[in-house]
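Here the structure comes first, spelled out in structure tokens, and everything after it is commentary.
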Amino acid sequence: MKKGLTRIGIVFSILLFFYMSTHRPNEEQFYSWLLTEYDIECHTSITCTKKVEGNSYTTLIETGSNIKNGYLLFNTIGKIFEDKNGSRTTVKAIGVFGKYFTIIMDEQG
Numbered sequence: 005m006k007k008g009l010t011r012i013g014i015v016f017s018i019l020l021f022f023y024m025s026t027h028r029p030n031e032e033q034f035y036s037w038l039l040t041e042y043d044i045e046c047h048t049s050i051t052c053t054k055k056v057e058g059n060s061y062t063t064l065i066e067t068g069s070n071i072k073n074g075y076l077l078f079n080t081i082g083k084i085f086e087d088k089n090g091s092r093t094t095v096k097a098i099g100v101f102g103k104y105f106t107i108i109m110d111e112q113g
């Protein structure tokens, strides 16, 4: 009985490891998640827009970026944005199981 459970655990661990390593989200998925989660839409350059109260938008400039794709089971992405008033928005996320999850969201105004 104990050997059977051990074998099931090992097979499950191998399948989980394989699934996690093949379902790491990419940077494009991060930008889609950023738009959905925080209303920040990034364009082809380092310029982004953030939806604020109502239908108004503010322009953000990406002043910092840290992307770690070297991990086997997950990715981490950190972005720092600033607007024309000097307000800073920091977003750090971990990508695992095909999705991104917030680690840090900090807005300093």
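So for the sequence shown, this note's numbering puts the first residue at 5; every next one is plus one. All C-beta atoms, glycine included, are put in the ideal place defined by N, C-alpha and C.
Note down the Cα distance separating residue i from residue j, rounded to an integer number of angstroms.
i: Ile44; j: Ser17; result: 37 Å
i: Tyr23; j: Lys88; result: 43 Å
i: Lys6; j: Leu20; result: 21 Å
i: Thr51; j: Thr40; result: 17 Å
i: Ser25; j: Glu32; result: 18 Å
i: Thr63; j: Gly90; result: 11 Å
i: Asn59; j: Lys72; result: 34 Å
i: Trp37; j: Val56; result: 17 Å
i: Asn70; j: Gln112; result: 19 Å
i: Tyr75; j: Gly68; result: 20 Å
i: Arg8; j: Ile65; result: Looking at the sequence provided, one finds Gly at residue 8 rather than Arg. One C-alpha to the other measures close to 56 Å.
What are the boundary residues of the beta strand (DSSP E) that includes residue i?
i: Glu111; result: 103-112
i: Arg92; result: 92-100
i: Leu64; result: 61-72
i: Phe85; result: 79-86
Can you list, in chain order, the residues of its chain whose CB lies under 6 Å from that of residue i, leaving out five sequence neighbours each side?
i: Asn98; result: The residue asked about is misnamed: residue 98 is Ile in this sequence, not Asn. Closer than 6 Å at Cβ, skipping near neighbours: Phe78, Thr80, Phe105, Ile107.
i: Val95; result: Lys83, Met109
i: Cys46; result: Tyr35, Cys52
In three-state terms, what does DSSP make of residue i?
i: Thr48; result: coil
i: Phe34; result: helix
i: Leu76; result: coil
Since residue i is in the alpha helix (DSSP H), which residue starts that stretch and which ends it?
i: Arg11; result: 6-26
From the DSSP secondary-structure annotation, give me the bridge partner or partners of residue i.
i: Thr53; result: Glu45, Thr63
Quick one: residues in its chain with C-beta nearer than 7 Å to the C-beta of residue i, no 5 flanking neighbours on either side, listed in chain order?
i: Pro29; result: Asn79, Gly99, Gly102, Lys103, Tyr104
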